[in-house]
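Peer 1: Those sequence lines, one after another, are chains H and X. Plus 9 on top of the position in the first sequence (first one is 1) and you've got our numbering. Plus 9 on top of the position in the second sequence (first one is 1) and you've got our numbering. In this text, a Cβ means the ideal position worked out from N, Cα and C, and glycines have one as well. As the structure is a computational prediction, the values presented were derived from the model and not from experiment. What follows is a single structure, and I will ask about it in a moment.
2 protein chains.
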Amino acid sequence: AEWSTQRMRDAAVDFPVAVVLPAGGSGERMGLPTPKQFCSILNRPLISYTVQAFERLSWIGTIVVVVPKENHDLMLDIVQKFNHTKVTVVNGGSTRHRSIFNGLQVFSNITDSLMPKPKVIIIHDAVRPFVEEDLLLKITLAAKEQGASGAIRPLVSTVIATTSENFLDHSLERTKYRASEMPQGFLYDIIFQAYQQCSEFDFEFGTECLHLALQYCGTNAKLIDGPPTLWKVTYKRDLAAAEAIIKETLSMSVCIIPGAEAEVVELAKTLEINLNTMEMDVIPYAKQSYMDCLLKTRNFIHVSMSGSTSSWINEVVKTLEEADHARLYPLVIIWVQLNITKQSAESNKMDDLIGLATEVLQRNVLLYGIQIDLSKRVASE
Amino acid sequence: AEWSTQRMRDAAVDFPVAVVLPAGGSGERMGLPTPKQFCSILNRPLISYTVQAFERLSWIGTIVVVVPKENHDLMLDIVQKFNHTKVTVVNGGSTRHRSIFNGLQVFSNITDSLMPKPKVIIIHDAVRPFVEEDLLLKITLAAKEQGASGAIRPLVSTVIATTSENFLDHSLERTKYRASEMPQGFLYDIIFQAYQQCSEFDFEFGTECLHLALQYCGTNAKLIDGPPTLWKVTYKRDLAAAEAIIKETLSMSVCIIPGAEAEVVELAKTLEINLNTMEMDVIPYAKQSYMDCLLKTRNFIHVSMSGSTSSWINEVVKTLEEADHARLYPLVIIWVQLNITKQSAESNKMDDLIGLATEVLQRNVLLYGIQIDLSKRVASE
Ligand SMILES: [Mg+2]
Ligand SMILES: [Mg+2]
């Protein structure tokens with residue numbers, strides 16, 4: 010999947026793509042004083058996760074976050090605190106459609122903006138943080154080709170039509186209908202034209218962008234099945250669900266960095282083949298840049314025969330700190346030395362490691378050391 | 010709300026009510042090996058919470074749990090372990106409708122059962138544990154009156170009709186439609202007749218009981234707005250959400266038991282008026298039975314002037330243990346002594362309390378003591 014995503018990306022997104030992220034909801038439905046997009050999960054506001062989901066993708070340009078006027082400064086603080094670099098904050102309107110239109114105008118000549126007009130615009134919700142590159146690529150390419158595209162999900166409940174007195178009128182056949190979700194993609198010219206032409210009634214009571222593209226531009230959107238993680242964080246309980254997903258994601262990947270010795274390189278290969286429950290990268294221990302791999306996970310295992318370690322760990326920690334990678338969540342580094350001998354056990358290497366662990370702990374890095382005496386393993390083969 | 014529920018209950022449910030709880034789902038959608046209804050939250054399977062939501066209501070009779078044959082023994086174990094007293098376990102069929110029909114047949118003459126036929130049957134899902142008495146009463150009374158009733162919720166997403174090539178055909182006007190949820194209620198005779206008459210196609214592909222009552226008995230169900238907590242535990246993330254709700258529920262209520270002194274009775278009244286964030290009961294410190302209040306919460310505050318405590322705490326712990334109330338979650342008892350004097354501080358009462366705390370801790374009771382010297386408070390008024 011990783012390779013096909015890479016190919017799709019390289020082959021196809023050779024045009025500018027921007028994002029509009031309406032973030033105007035109130036906290037009412039959650040029973041919370043804070044609007045849900047600004048609620049914190051593991052010390053980071055929900056909207057920052059959503060922004061990050063887009064910002065990490067090189068083929069995505071500007072991310073326009075549309076917030077109520079009273080949250081403008083709060084959003085600017087978030088952008089600064091979490092080092093978001095692609096975000097433009099815009100004030101919203103009184104309805105969802107007005108807010109999205111405000112966001113789109115950033116790229117139009119009307120506002121005299123310097124932003125280049127994107128070919129494709131992605132519209133998403135601030136409260137759907139778990140959107141994956143794979144789906145964003147599909148949405149973007151379908152929008153480029155068809156003019157409009159949107160993520161869908163199967164209906165969870167039967168949908169029923171009610172009479173005015175709240176009696177059952179009829180139930181819909183579930184298989185013929187879908188829930189319309191986010192993200193949606195549009196040729197910028199199409200969705201901008203739809204908003205320019207739509208009525209006050211649409212602005213006031215409509216919510217569905219796909220509907221506007223159909224009604225005003227005759228564009229039938231291409232519908233693309235999305236994963237269940239597209240769900241909208243709506244209720245207070247959804248914050249707990251989102252936190253569970255984030256925690257699981259954090260613990261689900263590991264980067265193995267074997268030393269130069271043939272034996273540990275072999276061991277790393279074996280691990281890569283046999284450990285299927287975690288996403289795993291094995292990267293060679295060398296001076297060349299492996300930043301991309303390092304930033305994909307927070308869990309690192311360094312395996313070596315010799316046990317020379319301090320300089321390597323210091324280098325990795327420094328690299329990760331420069332990328333601000335340990336600010337939000339702890340990094341875990343496990344250092345494994347395989348051929349511990351009586352001599353090396355007596356050396357003060359473990360003391361060095363303990364000292365180092367104490368030092369990096371203050372920078373949110375959890376460092377563990379394991380020494381294994383391979384000479385005592387039972388001979389096999 | 011509590012009072013009106015009490016009135017509704019006393020006035021109206023003077024007829025037998027039973028429950029059918031289909032519990033046949035697999036774990037597929039959750040990405041879990043265990044079917045979700047048997048997944049544990051805080052050491053208790055989800056289905057046991059759902060059963061408990063019905064079992065605690067005096068006006069609810071038999072609860073028929075319909076499980077796949079392979080889960081029959083597991084379900085019997087749960088019934089025994091968690092002391093469920095109203096449950097009958099029945100094997101399910103190959104579809105949801107077949108399973109519900111199997112459940113209904115427990116009360117029919119066909120199976121020669123000894124169970125009395127209920128007037129109203131409530132059908133619910135095993136994976137919707139947070140159903141409240143208030144809604145169950147409304148569903149039951151509407152079913153008695155109209156023949157059928159069902160809980161509904163507003164649509165969270167726009168519902169769209171798709172073409173066969175997965176393009177947008179049209180979107181439904183959200184305000185005219187609702188999501189059909191559980192619980193649903195029926196006159197037993199109506200839903201049983203509907204199942205007896207319905208087709209193999211219905212049994213195989215249908216899911217909506219309200220639809221059967223309409224199609225085969227001409228009964229238009231009364232629809233009743235339910236709270237957001239009616240949602241169905243569907244995905245793995247929903248388990249985290251359910252756990253969060255349960256934890257919050259556990260910490261949201263407190264029972265205050267003042268000693269006999271006028272001063273603490275007054276204090277308890279003040280607390281009751283001013284502490285609005287928690288549900289609070291104040292019950293008089295007396296020998297009479299206050300089991301109902303004790304079992305509504307897990308958090309107790311005993312306030313007294315004198316500080317005589319051991320025998321009272323022992324009695325409460327004993328009462329709660331007899332009701333098996335501390336098995337699943339810890340109970341918290343905070344004992345507050347208000348008029349600590351030099352003399353009483355020097356007595357060994359606190360030592361007694363510490364000894365007692367150590368002892369009850371083994372029985373899952375967390376006991377804390379607070380001594381306050383009221384003589385040193387700043388005079389006010
Ligand atoms: Mg989002
Ligand atoms: Mg349930």
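Could you compute how far the alpha carbon of I69(X) sits from the alpha carbon of P25(X)?
Peer 2: I69(X) and P25(X): Cα-Cα distance of roughly 7 Å.
Peer 1: Take the Cβ of T65(H) as the centre, count every other Cβ of all protein chains shown within 10 Å, and call the residue buried at 16 or more, exposed below.
Peer 2: Reading off the sequence, residue 65(H) comes out as Arg, not Thr. Burial call: exposed.
Peer 1: To test your reading of the DSSP string, which unbroken beta strand (DSSP E) runs of 3 or more residues are found completely within the segment 149-221 of chain X?
Peer 2: Qualifying beta strand (DSSP E) stretches, in chain order: 157-163, 167-171, 177-180, 186-196.
Peer 1: Identify, in the order they occur along the chain, each residue of the same chain with its Cβ nearer than 7 Å to the Cβ of S389(H), setting aside the five sequence neighbours on each side.
Peer 2: Here the model assigns S389(H) a pLDDT of 44, short of 50, so the residue's position is not dependable, and the following value carries that caveat. Hits under 7 Å: none found.
Peer 1: Quick check: the Cα distance between I131(X) and D178(X), rounded to an integer number of angstroms?
Peer 2: Linking I131(X) to D178(X) through their CA atoms gives a straight-line distance of about 37 Å.
Peer 1: Less than 8 Å between the C-beta atoms of N348(H) and M314(H), yes or no?
Peer 2: Taking 8 Å as the Cβ cut-off, N348(H) and M314(H) qualify as a contacting pair.
Peer 1: At the 8 Å Cβ level, is H220(X) part of the contact set with chain H, yes or no?
Peer 2: Closer than 8 Å: yes.
Peer 1: Taking the alpha carbon of W321(X) as the reference point, which residue from L362(X), A21(X), Q380(X) has its own alpha carbon closest?
Peer 2: L362(X)
Peer 1: Kindly say whether L51(X), judged by its beta-carbon, lies nearer than 8 Å to any beta-carbon of chain H.
Peer 2: L51(X) has a beta carbon lying at 8 Å or more from every beta carbon in chain H.
Peer 1: Do S166(H) and I233(H) have their C-beta atoms within less than 8 Å of each other?
Peer 2: no
Peer 1: Does K296(H) come out as helix, strand or coil in the three-state DSSP assignment?
Peer 2: For K296(H), the predicted model reports a pLDDT of 49, less than 50, meaning its position is unreliable and no value from the coordinates is stated.
Peer 1: Can you tell me where the alpha helix (DSSP H) holding T258(X) begins and where it ends?
Peer 2: 245-260
Peer 1: Excluding sequence positions up to five away, which residues of its chain have a Cβ less than 7 Å from the Cβ of G235(X)?
Peer 2: L144, A160, I161, R162, E190
Peer 1: Starting from G112(X), follow the alpha helix (DSSP H) in both directions and report where the run begins and ends.
Peer 2: 105-114
Peer 1: Cβ of S189(X) less than 8 Å from any chain H Cβ?
Peer 2: yes
Peer 1: Among the residues of its own chain, which have a CB less than 6 Å from the CB of A21(X), if the five just before and after it don't count?
Peer 2: L150
Peer 1: Between the segment 53-72 of chain H and chain X, which residues of the former have a C-beta closer than 8 Å to a C-beta of the latter?
Peer 2: none
Peer 1: Between the alpha carbons of Q205(X) and E217(X), how many angstroms are there, rounded?
Peer 2: The C-alpha of Q205(X) lies about 15 Å from the C-alpha of E217(X).
Peer 1: Output, in chain order, the set of chain H residues within a Cβ distance shorter than 9 Å of T216(X).
Peer 2: T167, R183
Peer 1: Taking S180(X) as the query, report the chain H residues whose CB atoms sit under 9 Å from its CB, ordered along the chain.
Peer 2: S189, E217, L219, H220, L223
Peer 1: Does chain X have any CB closer than 8 Å to the CB of Y204(H)?
Peer 2: no
Peer 1: Is L51(H) helix, strand or coil by DSSP?
Peer 2: DSSP, read as helix, strand or coil, puts L51(H) in coil.
Peer 1: Using alpha carbons as the reference points, say which of E275(X), T243(X), G227(X), N308(X) lies closest to E288(X).
Peer 2: Checking every option, the nearest Cα to that of E288(X) belongs to N308(X).
Peer 1: Return the chain-ordered list of same chain residues with a C-beta closer than 7 Å to the C-beta of V115(H), the five sequence neighbours on each side being excluded.
Peer 2: V73, T97, V99, S122, M124
Peer 1: Check the DSSP bridge columns for W344(H) and list the partner residues they point to.
Peer 2: In the DSSP assignment, W344(H) forms a beta bridge with H311(H), G378(H).
Peer 1: Less than 8 Å between C-beta atoms, sequence neighbours within five positions excluded: which residues of the same chain meet that for L370(H)?
Peer 2: L376
Peer 1: By Cβ distance below 8 Å, which residues in the same chain neighbour L85(H) in space, the five residues on each side in sequence not counted?
Peer 2: Setting aside the 5 residues that flank it on each side, L85(H) is surrounded in the same chain by V98, each with a C-beta closer than 8 Å to its C-beta; the list follows chain order.
Peer 1: Kindly say whether I254(H), judged by its beta-carbon, lies nearer than 8 Å to any beta-carbon of chain X.
Peer 2: yes
Peer 1: Using only CA atoms, which one of N52(H), K126(H), I266(H) lies nearest to T71(H)?
Peer 2: Restricting attention to N52(H), K126(H), I266(H), the CA atom closest to the CA of T71(H) is found in K126(H).
Peer 1: For A5(X), which of V312(X), N373(X), I255(X) has the nearest alpha-carbon?
Peer 2: Lying outside 10 to 390, the shown extent of chain X, residue 5(X) is not represented and no answer is given.
Peer 1: Note down, in chain order, every chain X residue with its Cβ under 7 Å from the Cβ of F176(H).
Peer 2: N229, A230, K231, L232
Peer 1: From the DSSP output, in three-state form, read off L30(H) for me.
Peer 2: strand
Peer 1: Looking at the unbroken beta strand (DSSP E) that takes in I72(X), where does it start and where does it end?
Peer 2: Boundaries of the beta strand (DSSP E) around I72(X): 72-76.
Peer 1: Which residues mark the beginning and the end of the beta strand (DSSP E) in which V88(H) is found?
Peer 2: That residue, V88(H), is in no beta strand (DSSP E); its alpha helix (DSSP H) goes 81-90.
Peer 1: Within a Cβ cutoff of 6 Å, which residues of the same chain sit near Y58(X), ignoring the five residues on either side of it in sequence?
Peer 2: P138
Peer 1: So, under 8 Å CB-CB, F212(H) and H133(H) are touching, yes? Tell me the CB distance rounded to an integer number of Å.
Peer 2: With a Cβ gap of about 20 Å, F212(H) and H133(H) do not count as contacting.
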